[in-house]
Structure formats: structure tokens, C-alpha cells
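Residue numbers (numbering that gives the first Met the number 0): 0 to 395.
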Amino acid sequence: MSRAGKTSGKRGLATEAVHAGGPEARPGHPVVAPIVRSSTFHWTGPGDGVELRYGRYGNSPNQCSVAAKIAALEGTESALALASGMAAISMTLLAVAEAGDHIVASRHLYGATRALLAHELPRRGIAATFVDPCDPGAWRAALTPATRVVLIELPTNPALRVFDIGPARDAARSAGAVLAADMTFATPVGIRAAEHGVDAVVHSATKYLGGHSDLVAGAVAGSAELVGRVTRMMKLYGASIDPQTAWLLERGIRTLPARVERHNRTALALAKWFAGLDGVRRVIHPGLPSHPDHERATAMLDGYGGMLSIVLEGGGEVADRFCASLELAAAAPSLGGVETLVSQPRHTSHADLSPAELDALDIPDGFVRISVGLEDIEDLKADFRAAVAAALNANA
Ligand SMILES: *Cc1c(COP(=O)(O)O)cnc(C)c1O
Numbered sequence: 000m001s002r003a004g005k006t007s008g009k010r011g012l013a014t015e016a017v018h019a020g021g022p023e024a025r026p027g028h029p030v031v032a033p034i035v036r037s038s039t040f041h042w043t044g045p046g047d048g049v050e051l052r053y054g055r056y057g058n059s060p061n062q063c064s065v066a067a068k069i070a071a072l073e074g075t076e077s078a079l080a081l082a083s084g085m086a087a088i089s090m091t092l093l094a095v096a097e098a099g100d101h102i103v104a105s106r107h108l109y110g111a112t113r114a115l116l117a118h119e120l121p122r123r124g125i126a127a128t129f130v131d132p133c134d135p136g137a138w139r140a141a142l143t144p145a146t147r148v149v150l151i152e153l154p155t156n157p158a159l160r161v162f163d164i165g166p167a168r169d170a171a172r173s174a175g176a177v178l179a180a181d182m183t184f185a186t187p188v189g190i191r192a193a194e195h196g197v198d199a200v201v202h203s204a205t206k207y208l209g210g211h212s213d214l215v216a217g218a219v220a221g222s223a224e225l226v227g228r229v230t231r232m233m234k235l236y237g238a239s240i241d242p243q244t245a246w247l248l249e250r251g252i253r254t255l256p257a258r259v260e261r262h263n264r265t266a267l268a269l270a271k272w273f274a275g276l277d278g279v280r281r282v283i284h285p286g287l288p289s290h291p292d293h294e295r296a297t298a299m300l301d302g303y304g305g306m307l308s309i310v311l312e313g314g315g316e317v318a319d320r321f322c323a324s325l326e327l328a329a330a331a332p333s334l335g336g337v338e339t340l341v342s343q344p345r346h347t348s349h350a351d352l353s354p355a356e357l358d359a360l361d362i363p364d365g366f367v368r369i370s371v372g373l374e375d376i377e378d379l380k381a382d383f384r385a386a387v388a389a390a391l392n393a394n395a
């Protein structure tokens, strides 16, 4: 298994991020690929000896080059960029499961993924069972003869649990099912999931891959056979990525390893700092020894990620005031961009859950999720310190 930023090929991850999928180096040709907006390409018939190219097929130049870069980073045979993270997830599930089939999924999933499995896919005859991903026996116990997919998300949002992929993989293998993993939070810099037996590595490229909060996109990486099946769904449902967005995503990915390294460093330092700050009851970050999965995260991941969560004394009202008092960090959903963002899951990703359900997921009132950006850490500390003080003082 490769570690420390090495891909399974001979080049390192940072090198692949810059160069994979890039244009051929030829005298007089551009170093950076141009955006090719053409929706269609000259083609008279199979005798032309080239593939029929069309924007919705995902095989126009910018779509191909960003896909090649993603495959290189994940160390997979193939990859595909799509219109959004949800397009990547839904096309993957529809490629593998049909009416009468069953999906075993982690109960810690992105809100829209959970809604897709709980409400939308059942309308199409596809059932789902949700299990606790931290219980190694749960995966196999939930299998039925109809199980075609096992779906995980790692680390979990927002509790940042890092569980062992092995039991989910073994359950999927024993059922002949596809193991799909939403690795948006971990990024290929943190872990090359395919090396752990994940068949379909899925990303919301809107987040770290794009990295600048200026595009919406998704990605799927895996074998050519599996990616081909997802591509077929994408063609039918029309979930392809626009060439301009594909170009922008490729530009973002070039700096992914450099960005993630700094996100990780700042997040770990901020987590330690928050742990000593008055008014903060709990700090949740896999890099802290207090995190329940600290040892596993250390063994499994290259870096602990750029996400951290805090629980403020005084509950939801204090958290509301804290978010409203920030001047540098912005209160907004989403994550993985250059700017620091904070959000309260009870208002955003988990808004449809009751207080009891939130407690069961370990998201108490006062919980604030922080996507640590690339700002100077001293400026972030000053902003957070002032906002905590303002939130608590108004409470006194
Ligand atoms: C944002 C997100 C998604 C959905 O991605 P979109 O690009 O918004 O469609 C899926 N999974 C995770 C973990 C996410 O954070």
C-alpha cells in the first residue's frame, strides 16, 4: 500500500496533480489546455477511426483530461467527472442497483445521499438498510440476497469518525456487491480508497478537489468496466460536466496536495488551540488524542483533514451568536475551499432531524462544524476568540 503522498505508479501525488491529463509537451503548443466549448465534433462514421464525441457523453477534451487526472490521483484504471457530487453518487447507485435490489449504507451520510436512499430510490424499487459504520459486524448482518451495493462515507460528517473499511469491504465481497465510498472529506491526498478495496470512489468535487468554492462538480473513480456503467447512466440522465467547469476543476486539482497539506496543518493546530479555549466544551478532530479514532486515523490517513468541529458551552443560541459574530470566517454550508467556513449541522445538513436524532448522531446543541481554509492561523484564532467571547458575553 502506498503512503506519504505516493501514487501506485512511479510518480508522486503532487506530480500527478500538476501533470496528469495535461496536454502533450510539443514546441509551440500551450502548456495549459484550452477550454474547448464545442458540444460536437466532426465524425462521419466508424470509418473515421475515432470515437464519436459529444458533450453529454463526457468525452470532450476538458472532460477527458480532468477525468485522467482524477484517475491518476486515485490510482484507478478509469474515472469520470460529472455535474455534481450528487450526480456522481446517484449515477453510481443507478448503474449498479435496479428494482428489487438492496443497498447497505452507513447511517452517517451526506443529507442528500441519505434522502436519496431513504426516499427516492425506494420509489424505484431499491431498498436501503442503514447501519452504524463503527460496528464491524453491522455490515454483514445487514446483507440480504438482494444486496448489490455497500455504501460508506469517510470520515463521517460531522462527527469525523474514521472507521475501518475492512468489514464493509469484506461484506461487499461476500455478497458480490460493489463497495462505493464517498471520500469527499478525505480526498485522494488523505487516502487512496481503491487501495483499500473500494470499487467506486466518489467525490463531491465541489469541495476539496475544486477547492475554491466556485464550481459544482462530482467524480467517480474505479475500474474501466464500472466507470463505463456509470458513464452509461450519465449519458441517459444527462448529468455530464460542462467543459468550462471541467477546466476549472482541473485547475483546482493541480494544487490539491499543496492545499490539503496546509488545510491539515492549520486544522490540527486550531483543534489543539480550541481545546484550551474557555467556552469550548469539546473539540472534535481526528488528530487529537481525545478523538475516539485517533489511532486508526493515524495509521490509515495521510494527514487528519481540514475539518474540525467544536461544541460550545451554552448550546444552540450561543452557537448562533458565535456564527453571527465571526468577521473573517464565513457562516455558509459547504467545505473544502480556500476560505474558512462554519456551519451548524442542525440548521444545514441535518436540518430535518429531531433533537433526539441529533443526539443519537452525537451532534448536540452548540455543535459548530468548521472547514478550515488557507488563511493565516493567527488571524483565524483572533476571529474565533472574539466570536466565542461575544457569544458568551451576550449570554451572561
Ligand atoms: C457536498 C457533498 C455531497 C454533494 O455534493 P454536490 O457537489 O453538492 O452535489 C456529497 N457528499 C459529501 C460528503 C458532501 O460533502
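Where a beta carbon is used, it is the ideal one built from N, C-alpha and C, also for glycine.
Let me check understanding here. Comparing Cα to Cα, which of the options lies closest to residue i?
i, options, result
"arginine 168", "Glu194, Phe184 and Pro144", "Glu194"
"threonine 347", "Gly336, Glu338, Ile362 and Asn58", "Ile362"
"valine 49", "His41, Tyr56 and Leu72", "His41"
"alanine 390", "Ser212, Val310, Ala199 and Val215", "Val310"
"aspartate 213", "Met182, Arg250, Arg281 and Ala298", "Arg250"
"histidine 290", "Leu379, Leu159 and Trp138", "Leu159"
"asparagine 392", "Arg10, Asp277, Leu72 and Leu93", "Asp277"
So if DSSP puts residue i in a beta bridge, which residue, or which two residues, is it bridged to?
i, result
"leucine 311", "Val279"
"arginine 368", "Ser308 and Ser342"
"leucine 178", "Val149"
"valine 161", "None, per the DSSP bridge assignment."
"valine 200", "Ala180 and Ala220"
"isoleucine 102", "Ala127 and Val148"
"tyrosine 53", "Thr39"
"leucine 81", "Gly217 and Ser239"
Give the straight-line distance between the Cα atoms of residue i and residue j, rounded to the nearest whole angstrom.
i, j, result
"methionine 232", "alanine 86", "10 Å"
"valine 31", "alanine 78", "21 Å"
"proline 154", "proline 242", "30 Å"
"valine 259", "valine 337", "10 Å"
"arginine 264", "threonine 254", "16 Å"
"arginine 295", "alanine 127", "28 Å"
"arginine 25", "proline 45", "29 Å"
"proline 204", "alanine 218", "Just to set this straight, residue 204 is alanine in the shown sequence, not proline. Their backbone Cα atoms lie some 6 Å apart in a straight line."
"proline 332", "alanine 179", "24 Å"
"aspartate 382", "leucine 325", "6 Å"
"glycine 335", "valine 229", "25 Å"
"methionine 90", "alanine 274", "41 Å"
"valine 149", "lysine 9", "31 Å"
"glutamate 119", "aspartate 375", "43 Å"
"methionine 299", "threonine 75", "19 Å"
"proline 354", "alanine 67", "44 Å"
"leucine 225", "tyrosine 53", "21 Å"
Cβ of residue i less than 9 Å from any chain D Cβ?
i, result
"leucine 153", "No chain D appears in this structure, which consists of one protein chain only."
Tell me which same chain residues have a C-beta within less than 6 Å of the C-beta of residue i, skipping the five on either side of it?
i, result
"valine 341", "Cys322, Ala328, Ala330, Val367 and Ile369"
"phenylalanine 129", "Ala104 and Arg106"
"leucine 307", "Ala266, Ala270, His284 and Ile369"
"tryptophan 246", "Ile34 and Asn61"
"phenylalanine 162", "Pro132 and Cys133"
"proline 166", "Pro135 and Trp138"
"alanine 111", "Met85"
Counting only the same chain and skipping the five closest in sequence on each side, list residues whose C-beta sits under 8 Å from that of residue i.
i, result
"valine 35", "Ser59, Pro60, Asn61 and Pro242"
"glycine 365", "Arg280, Val310, Leu311, Glu312, Gly313, Gly314, Gly315, Val317 and Ala318"
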